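J.: Here the sequence shown is numbered in my numbering, starting from 5 and rising by one per residue. Glycine included, every Cβ here is placed at the ideal spot set by N, Cα and C. Only a predicted model underlies this, so the values are computations on that prediction, with no experimental measurement involved. Quick one: the structure is below, and I'll ask about it shortly.
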Amino acid sequence: MGGATMLVSALVLILATVVYHLVTTLVDLYPLNNVRDAERAEQRTEVLTNAPVMALPAVLLGLAAILSLPALGYVAGGLEVLIALGGLTLWWMPYLAGVTAPWATAGTGATWSELHARTYASTIIVLPRIGDRPRPNLEHMILHSLMLAAAATTFAATAALS
5 MGGATMLVSA LVLILATVVY HLVTTLVDLY PLNNVRDAER AEQRTEVLTN APVMALPAVL
65 LGLAAILSLP ALGYVAGGLE VLIALGGLTL WWMPYLAGVT APWATAGTGA TWSELHARTY
125 ASTIIVLPRI GDRPRPNLEH MILHSLMLAA AATTFAATAA LS
């Protein structure tokens, strides 16, 4: 795959991830998500916190290509990895290790188990139970896959630009 094709693929994946996140945060697609049981303040906080951060790698990768500065592309890839790790930590650590990230419910006044029970427990979940631990739902498994694909493609695109 050529450098330009890799660049377009990476940008499309990054932006598809942002759009997917926005849609699944704001639009009721039950049973994929359960926006109807999320509070507007929770939705607003999630969008205002996450969307700009999730879009930044696209800006950095675009600048890397325009300015011929591969370092910006690698920063974009690193940022994409950090975003993915944040999502994986938020969802998979409670499920696999029974430990909740301290920032998991910042500003909501709820525990992760309470928030999960109210907004995610009735959505599509394909993973087996581990005790009473909250399980990642399909919506977030798709999001995390998009994030990881965007990170890998961003690094590949940057390498092709070099």
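Can the beta-carbon of L11 be found closer than 9 Å to that of A164?
T.: yes
J.: Check whether the region 135-155 and the region 86-101 touch, using three or more Cβ-Cβ pairs below 8 Å as the test.
T.: yes
J.: Using the Cβ count rule (16 or more neighbours within 10 Å means buried), how would you classify M58?
T.: M58 should be labelled buried.
J.: Out of P56, P35, A20 and L30, point me to the one whose CA is closest to E46's CA.
T.: L30
J.: Nearest by alpha-carbon distance to L52: which of L92, L26 and W95 is it?
T.: L26
J.: Roughly how many angstroms separate the alpha carbons of S126 and A42, rounded to a whole number?
T.: Rounded to whole angstroms, S126 to A42 spans 12 Å at the Cα level.
J.: Do you know offhand how far V16's Cα is from L67's?
T.: In a straight line, the C-alpha of V16 is about 15 Å away from that of L67.
J.: Restricting to Cα atoms, I'd like to know which of P140, M145, A80 and T158 is closest to Y24.
T.: M145
J.: Please classify T104 as buried or exposed, where buried requires at least 16 neighbouring CB atoms within 10 angstroms.
T.: buried
J.: How would you call G135, buried or exposed, if buried means at least 16 neighbouring beta carbons within 10 angstroms?
T.: Around the Cβ of G135, a 10 Å sphere holds fewer than 16 other Cβ atoms; the residue is exposed.
J.: Just to check my reading of the structure: L150 and T21 have Cβ atoms closer than 8 Å, yes? What is that Cβ distance to the nearest angstrom?
T.: 4 Å
J.: Give, in chain order, every unbroken run of the beta strand (DSSP E) that is at least 3 residues long and sits entirely within the region 73-148.
T.: With a minimum length of 3 residues, no continuous beta strand (DSSP E) run stays inside the region 73-148.
J.: Does the Cβ of A69 have 16 or more other Cβ atoms within 10 Å, making it buried, or fewer, making it exposed?
T.: A buried status is given to A69, since no fewer than 16 other beta-carbon atoms sit within 10 Å of its beta-carbon.
J.: How many angstroms separate the CA atom of G91 from the CA atom of Y99?
T.: 13 Å
J.: Tell me which same chain residues have a C-beta within less than 8 Å of the C-beta of L60, skipping the five on either side of it?
T.: A80 and L83
J.: For A14, count the other beta carbons within 10 Å of its own beta carbon; 16 or more makes it buried, fewer makes it exposed. Which is it?
T.: buried
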